[in-house]
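Visitor: Protein chains in written order, with this note's numbering: chain L, 26 to 260; chain H, 511 to 876.
Just so it is clear, CB atoms sit at the ideal spot from N, CA and C, and this is done for glycine as well.
One structure follows; several queries about it will come next.
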Amino acid sequence: MTDFEYVLGLGDDALVAAQRLAQWAARAPEMEEDIALANIALDQLGTARLLLTYAGELEGADRTEDDLAYLRDDRDFHNCLLVELPEQDFAVTMAKLLFLSAYQKPLYDRLADSGDERLSAIAAKARKESAYHLDHASLWTVRLGDGTDESHRRMQDAVDRLWPYTHELFEGEHADLRAQWLATVEAVLADATLTRPADGGWTPGGGRQGLHTEHLSYLLAEMQVVHRAHPGARW
Amino acid sequence: MLQDIACGEASCNTDGVYGNDFGAPDDPAGQSLLDQVEAAERELRSAAERRLAGDDHLQGYFEAIIEADQKVEPRDWMPDDYRRSLVRQIAQHAHSEIIGMQPEGNWITRAPSLKRKAILLAKVQDEAGHGLYLYAAAETLGVSRDELVELLLSGRQKYSSIFNYPTLTWADVGAIGWLVDGAAIVNQVPLCRCSYGPYARAMIRICKEESFHQRQGFEILHTLAHGTPAQREMAQDAVNRWWYPSLAMFGPPDSDSTHSERSMAWKIKRFSNDELRQRFVDMCVQQASVLTLSLPDPDLRWNAEREHYDFTQPDFDELMQVVKGNGPCNRQRIEHRRRAHSEGAWVREAAAAYAAKRAVREPAGV
Chain L
26 MTDFEYVLGL GDDALVAAQR LAQWAARAPE MEEDIALANI ALDQLGTARL
76 LLTYAGELEG ADRTEDDLAY LRDDRDFHNC LLVELPEQDF AVTMAKLLFL
126 SAYQKPLYDR LADSGDERLS AIAAKARKES AYHLDHASLW TVRLGDGTDE
176 SHRRMQDAVD RLWPYTHELF EGEHADLRAQ WLATVEAVLA DATLTRPADG
226 GWTPGGGRQG LHTEHLSYLL AEMQVVHRAH PGARW
Chain H
511 MLQDIACGEA SCNTDGVYGN DFGAPDDPAG QSLLDQVEAA ERELRSAAER
561 RLAGDDHLQG YFEAIIEADQ KVEPRDWMPD DYRRSLVRQI AQHAHSEIIG
611 MQPEGNWITR APSLKRKAIL LAKVQDEAGH GLYLYAAAET LGVSRDELVE
661 LLLSGRQKYS SIFNYPTLTW ADVGAIGWLV DGAAIVNQVP LCRCSYGPYA
711 RAMIRICKEE SFHQRQGFEI LHTLAHGTPA QREMAQDAVN RWWYPSLAMF
761 GPPDSDSTHS ERSMAWKIKR FSNDELRQRF VDMCVQQASV LTLSLPDPDL
811 RWNAEREHYD FTQPDFDELM QVVKGNGPCN RQRIEHRRRA HSEGAWVREA
861 AAAYAAKRAV REPAGV
């Protein structure tokens with residue numbers, strides 16, 4: 026039987042990623058990108074809703090997607106740290122999306138073939154979207170890496186700063202997916218004339234156990250403020 | 511030409527860009543707005559099929575096209591004033607979509623349910639899409655999107671003044687959908703029959719999406735109005751604040767409108783500001799009663815003789831102040847747009863540099 030906390034963690038990854046992407050609304054570098062980022066945010070949000078609803082059923086305590094999204098504190102969120110990190114500039118957003126989608130795509134591929142019928146249906150839908158996210162992030166990583174001196178510097182800086190957080194993605198039962206992830210990401214970085222950061226050293230983690238960065242609590246405060254101000258209300 | 515299409519002081523916002531039409535106000539149960547959009551789409555097709563007898567004289571040909579309710583297309587000859595007028599109107603409409611993303615975008619991260627968050631995100635995304643179609647329609651008239659964006663950022667072209675009001679609570683998202691999108695539809699449905707083909711076609715597509723947005727706004731308010739006392743109060747407060755600014759979206763009274771007459775003759779515009787404002791009021795009264803919310807006008811009442819509702823006009827001095835830049839959020843909205851533009855400059859430069867490198871590495875045809 027599929028574990029409640031595991032499905033919750035997948036749902037939280039998607040939800041927190043959507044919340045960060047949604048912060049770009051009306052501020053993207055070009056109008057076409059406003060549309061693309063909103064699209065990706067909508068995909069992540071859609072997957073989050075399906076996963077949280079399923080997690081609520083697995084738990085059997087009658088919690089809905091909104092109960093899980095709006096009425097848990099940061100210590101009860103199980104997302105990886107990568108998705109909650111603030112996005113100082115567009116290079117950070119694209120590096121996060123590259124690392125996340127290069128992980129979500131093979132993970133959903135695998136879950137689509139799992140014995141759990143519900144999870145496999147959700148993953149079968151989500152993996153098509155992840156393929157688009159990966160494509161979009163790869164194209165931008167290459168454009169920025171191989172664009173101007175400034176964009177190269179910003180993209181390399183984003184890759185370097187986020188790389189340590191990618192180790193957490195492969196904790197636990199899907200550790201073997203890292204080889205596929207590396208093959209995807211290394212090829213994109215090479216195309217982008219970017220240096221692949223070295224492994225080892227600092228490997229932050231703890232998100233799956235509810236130990237987050239200081240950033241998550243602010244993200245949740247903003248997301249939950251209206252819902253919590255009106256206990257029991259319907260929207 | 512850009513000098514000419516830049517806006518004179520307070521003269522803009524008068525040609526019904528984001529706000530101008532609706533039909534059958536006396537027959538609310540009859541033809542729906544969407545039916546009208548579809549009728550315009552059918553007319554557009556049949557106009558394209560009819561062939562007009564050739565006229566060697568360009569001005570005469572143009573006038574014959576307008577007279578026959580056919581569409582002027584980008585390669586047709588058209589008077590300079592017609593072209594300028596359209597560029598200004600379409601650009602202001604495009605700018606309104608882009609600036610209009612901000613007040614609603616303000617609530618995406620705080621939307622109180624995941625379903626509402628998804629709907630709002632999709633709505634703000636639609637607005638970016640509308641902005642893009644409209645800039646593309648303006649480009650068929652010989653200006654570039656970059657030039658128009660520059661006119662917006664430098665304040666030489668305006669956007670609808672309605673977006674210079676703040677969204678203070680979640681209920682404002684509902685009020686914008688119901689009232690602001692409602693007023694925009696009333697203004698825009700007749701534009702589906704506009705004499706300029708690319709604009710008419712863009713409006714047909716946009717109106718279909720706007721009517722969906724208006725329904726969503728109505729639904730948000732309906733849920734709030736039937737919710738807890740605090741939710742109900744939030745909904746009423748939002749309607750109180752957005753009612754008069756929405757009425758002002760139709761522009762100054764007909765007696766003061768600067769561009770109306772000529773636009774009517776050219777069939778760019780089909781109904782006057784005051785006619786459209788009346789249609790909007792008549793439509794809202796009935797809907798407000800379904801919402802069980804009141805409209806903040808003690809003098810609102812049915813006039814059996816006119817067969818319309820009498821109502822209090824919006825404060826046009828306030829509208830002129832907002833048009834001049836003195837509304838609550840004018841500075842904030844334009845600063846936000848300028849910041850997004852300047853902070854994104856390095857990304858656009860990188861994309862251009864990369865494209866140029868690729869063009870050298872992979873010459874065309876490879």
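Indicate the three-state DSSP secondary structure (helix, strand or coil) for N64 (chain L) in the structure shown.
Guide: Looking at N64 (chain L) - three-state DSSP - the assignment turns out to be helix.
Visitor: Between K777 (chain H) and S705 (chain H), is the Cβ-Cβ spacing less than 8 Å?
Guide: yes
Visitor: Kindly list, in the order they appear in chain L, the residues whose Cβ is closer than 9 Å to that of A681 (chain H).
Guide: Under the 9 Å cutoff, chain L gives no residues; its nearest Cβ is about 10 Å from A681 (chain H).
Visitor: Count the other CB atoms within 10 Å of the CB of F532 (chain H); is the residue buried (16 or more) or exposed (fewer)?
Guide: Residue placement at F532 (chain H) is flagged as unreliable, the pLDDT there being 25, under the threshold of 50; the coordinate-derived value follows with that caveat. Buried, because 16 or more other Cβ atoms sit within 10 Å of the Cβ of F532 (chain H).
Visitor: Under a three-way DSSP split, which group does D792 (chain H) fall into?
Guide: helix
Visitor: Using the Cβ count rule (16 or more neighbours within 10 Å means buried), how would you classify D537 (chain H)?
Guide: Low confidence applies to D537 (chain H): its pLDDT is 40, below 50, so where it sits in the model is not reliable enough to give any reading.
Visitor: From A208 (chain L) to A200 (chain L), what distance separates their C-alpha atoms?
Guide: The alpha-carbon atoms of A208 (chain L) and A200 (chain L) are separated by roughly 14 Å.
Visitor: Could you list which residues in chain H have their beta carbon closer than 8 Å to that of G71 (chain L), in chain order?
Guide: A628
Visitor: Check whether the Cβ of Q55 (chain L) lies closer than 8 Å to any Cβ atom in chain H.
Guide: One detail in the question is off: residue 55 (chain L) reads as Glu in this sequence, not Gln. Taking Cβ atoms only, chain H reaches closer than 8 Å to E55 (chain L), which makes this a yes.
Visitor: For Y819 (chain H), is the classification buried or exposed, using 16 other Cβ atoms within 10 angstroms of its Cβ as the cut-off for buried?
Guide: buried
Visitor: Grouping DSSP H, G and I as helix and E and B as strand, with all else coil, what is Y819 (chain H)?
Guide: In the structure shown, Y819 (chain H) sits in a strand (DSSP, three-state: E or B).
Visitor: Of the choices L:R97, L:A66, L:D68 and L:L67, whose alpha-carbon is the least far from that of R81 (chain L)?
Guide: In the sequence as presented, Arg is not what sits at residue 81 (chain L); that position holds Gly. Of the listed residues, the one whose Cα sits closest to G81 (chain L) is L:R97.
Visitor: Among H:T619, H:D579, H:G761 and H:D682, which has the Cα closest to the Cα of P243 (chain L)?
Guide: Residue 243 (chain L) is actually Tyr in this sequence, not Pro. Nearest of H:T619, H:D579, H:G761 and H:D682 to Y243 (chain L), Cα basis: H:T619.
Visitor: Could you give the distance in angstroms between the alpha-carbon of I65 (chain L) and the alpha-carbon of L33 (chain L)?
Guide: 20 Å
Visitor: S633 (chain H) and Q726 (chain H): beta carbons closer than 8 Å?
Guide: For the sequence presented, residue 633 (chain H) should be read as Lys rather than Ser. At a Cβ-Cβ threshold of 8 Å, K633 (chain H) and Q726 (chain H) count as neighbours.
Visitor: For chain L, is any of its Cβ atoms less than 8 Å away from the one on S773 (chain H)?
Guide: no
Visitor: Is M774 (chain H) buried or exposed, if buried means 16 or more other CB atoms sit within 10 Å of its CB?
Guide: Answer is exposed; the Cβ neighbour count stays below 16.
Visitor: Whose C-alpha, out of H:N783, H:T677, H:Y645 and H:I730, is nearest the C-alpha of W617 (chain H)?
Guide: H:T677
Visitor: Which whole-angstrom value describes the C-beta separation of A53 (chain L) and G854 (chain H), a residue pair presumed to lie in contact below a C-beta threshold of 8 Å?
Guide: 7 Å
Visitor: From this set, H:V800, H:N697, H:E637 and H:P739, which residue's C-alpha is nearest R780 (chain H)'s C-alpha?
Guide: H:N697
Visitor: Is the Cβ-Cβ distance between A47 (chain L) and L631 (chain H) less than 8 Å?
Guide: yes
Visitor: Is A865 (chain H) buried or exposed, if buried means 16 or more other CB atoms sit within 10 Å of its CB?
Guide: Its Cβ having fewer than 16 others within 10 Å, A865 (chain H) is exposed.
Visitor: For the stretch 733–752 of chain H, which residues have a beta carbon sitting closer than 7 Å to at least one beta carbon of chain L?
Guide: T733, G737, T738, A740 and Q741
Visitor: Taking 8 Å as the threshold (beta carbon to beta carbon), is T191 (chain L) in contact with chain H?
Guide: It does not; no Cβ of chain H falls within 8 Å.
Visitor: Helix, strand or coil for Y190 (chain L), going by three-state DSSP, please let me know.
Guide: helix
Visitor: If I measure Cβ to Cβ from L810 (chain H) and keep anything under 8 Å in the same chain, skipping five residues before and after, which residues do I get?
Guide: V791, V795, Y819, D820, F821 and T822
Visitor: Closer than 8 Å by beta-carbon distance: list the chain H residues that pair up with D171 (chain L), in chain order.
Guide: Y864 and K867
Visitor: Verify the CB distance criterion: does Q667 (chain H) have a CB-CB separation below 8 Å to chain L?
Guide: For Q667 (chain H), the answer is no, since every Cβ of chain L falls outside 8 Å of its Cβ.
Visitor: What number of angstroms, rounded off, separates the C-alpha of H732 (chain H) from the C-alpha of M713 (chain H)?
Guide: 28 Å
Visitor: Is N836 (chain H) helix, strand or coil when you go by DSSP?
Guide: Helix, per DSSP.
Visitor: Using a 10 Å radius around the Cβ and a threshold of 16 neighbouring Cβ atoms, would you call T118 (chain L) buried or exposed?
Guide: buried
Visitor: Strictly below 8 Å CB to CB, what residues from chain H border I147 (chain L)?
Guide: Under the 8 Å cutoff, chain H gives no residues; its nearest Cβ is about 15 Å from I147 (chain L).
Visitor: Does the beta carbon of P676 (chain H) sit closer than 8 Å to a beta carbon anywhere in chain L?
Guide: No, P676 (chain H) lies away from the interface with chain L (no Cβ there is under 8 Å from its Cβ).
Visitor: Cα-Cα, which of H:P755, H:D784, H:E607 and H:E872 is closest to P838 (chain H)?
Guide: H:P755
Visitor: Is the CB-CB distance between A748 (chain H) and D827 (chain H) below 8 Å?
Guide: no
Visitor: Quick check: what's the CA-CA separation for R848 (chain H) versus L642 (chain H)?
Guide: 18 Å
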